[in-house]
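Enquirer: Before anything else, here's the structure in question.
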Amino acid sequence: MSQINLPFEVGHTIEARSFELGFRGAWFRCKITKIFNKGRSLFYDVEYLDFTEEGIHTTKVFQKRQGENDNILMVRPIRPRQSHENEEGCGREEEEEEEVVVVHRLWKVGDLVDWWKDDCYWSGTVLEVREEDETVKIELVPEPYGEGKGYDAMFKDLVPSLEWSLEDGWIVPFSKDGEKRQCAKLMKLPNEADEETREEEKLRPAKKLVGDEDLALNIMESESIEAAVMDLEEQIVRIEWIKGMLLLNSDNSTWIYEDYPPPSS
1 MSQINLPFEV
11 GHTIEARSFE
21 LGFRGAWFRC
31 KITKIFNKGR
41 SLFYDVEYLD
51 FTEEGIHTTK
61 VFQKRQGEND
71 NILMVRPIRP
81 RQSHENEEGC
91 GREEEEEEEV
101 VVVHRLWKVG
111 DLVDWWKDDC
121 YWSGTVLEVR
131 EEDETVKIEL
141 VPEPYGEGKG
151 YDAMFKDLVP
161 SLEWSLEDGW
171 IVPFSKDGEK
181 RQCAKLMKLP
191 NEADEETREE
201 EKLRPAKKLV
211 GDEDLALNIM
221 ESESIEAAVM
231 DLEEQIVRIE
241 WIKGMLLLNS
251 DNSTWIYEDY
261 PPPSS
């Protein structure tokens, strides 16, 4: 298989997986040190960031499982940053848009998650949620693509599972409880405005909301229906996150979330 369509270069930090028994279904952070071909096959030399004592490891980029015909991509970009709404854009220096993962709520049975354990991410499914001690029971990806065992995991060690392909980029897979729901949402942070653009914004007070210094709305840039809909969707995500945080810290917080219906006219 060819390297021509892959976005990876020497020096890039990526994640790689293996079909080796005992490590199936796990993603390891690594850095590409060399890209080369042997015959018609593409290989990467990588250095594991969390297992530096392992030295340089050679991985075949496209692999087939025994008895199967489909080529499986064994590498992917480093997963997007997970961010709370009130942290969006804080301290960011990248000029290009940045994709972030926003979790909608607390974990539910059927959610697909990646579990940070032993310095790598293990993909699995939530089987049981125990809010009292902030733990879940998960089952790893079943054989032959994973180890297929059950484990107890802490909330804090879980992130939403993501899938990556050349065609679609990152996507959030649907849960396995039959409800076709997603436990997270991928959002792109807008480009940082340069100094000239910020000066132009100061001259357009009609599009600026009072007290919105930390709240960037799409309607500020476009008065289209699509922009308004996007703003509503983002506010829903923010409210769900706040509700989740209040529930998570309910024992130590004096704040209580209550639904407040609008007064009838």
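Using the UniProt record's numbering, the letters of the sequence shown correspond one by one to residues 1 to 265. For glycine and all other residues, C-beta sits at the position ideal for the given N, C-alpha and C. Since this is a predicted model, take the numbers as computed values, not measurements.
Work out the CA separation of V159 and F28 for me, nearest whole Å.
Expert: Taking the straight line from one Cα to the other gives about 15 Å.
Enquirer: Counting pairs of beta carbons, one from the region 16-24 and one from the region 69-83, are three or more of them closer than 8 Å?
Expert: yes
Enquirer: For the candidate residues E68, R65, E98, whose alpha-carbon lies nearest to that of P80?
Expert: E98
Enquirer: Could you work out which residue in V237, E47, R130 is closest to K185 when comparing CA atoms only?
Expert: The residue with the shortest Cα to Cα distance from K185 is V237.
Enquirer: If you reduce the DSSP assignment to three classes, tell me which class E54 lands in.
Expert: helix
Enquirer: Just to confirm the assignment, what range does the beta strand (DSSP E) spanning E147 have?
Expert: Here E147 belongs to no beta strand (DSSP E), and DSSP marks it neither H nor E.
Enquirer: Go through its chain and collect everything with a Cβ distance to F51's Cβ below 8 Å, but skip five positions before and after it.
Expert: F28, D119
Enquirer: Let me know the secondary structure DSSP gives R238 once reduced to three states.
Expert: helix
Enquirer: I need the DSSP call for W225, collapsed to helix, strand or coil.
Expert: Note that residue 225 corresponds to Ile in the displayed sequence, not to Trp. Helix.
Enquirer: Which residues does DSSP pair with Q82 in a beta bridge?
Expert: V101
Enquirer: Please name the residue or residues paired with R130 in a DSSP beta bridge.
Expert: Beta-bridge pairing links R130 to T135.
Enquirer: Drop a sphere of 10 angstroms on the beta-carbon of V154, count the other beta-carbons inside from all chains shown, and report buried for 16 or more, exposed for fewer.
Expert: The sequence as given places Met at residue 154; Val does not occur at that position. Within 10 angstroms of the beta-carbon of M154 lie fewer than 16 other beta-carbons, which makes it exposed.
Enquirer: From the DSSP output, read off the bridge partner residues of W164.
Expert: W164 is bridged to W170.
Enquirer: Hey, out of E68, D70, Y44, whose CA is closest to K60's CA?
Expert: Of E68, D70, Y44, the residue nearest in Cα terms is Y44.
Enquirer: Using C-beta distances below 7 Å, list every residue in its chain close to V129, excluding the 5 sequence neighbours before and after it, in chain order.
Expert: W107, K108, V109, V136
Enquirer: Considering only C-alpha positions, which residue in the set D157, G148, I239, G67 is nearest to E121?
Expert: The sequence given here places Tyr at residue 121; Glu does not occur at that position. Checked all of D157, G148, I239, G67; the closest Cα to Y121 is D157.
Enquirer: Hey, H104 and C183 are a contact pair by Cβ (cut 8 Å); roughly how many whole angstroms apart?
Expert: 6 Å
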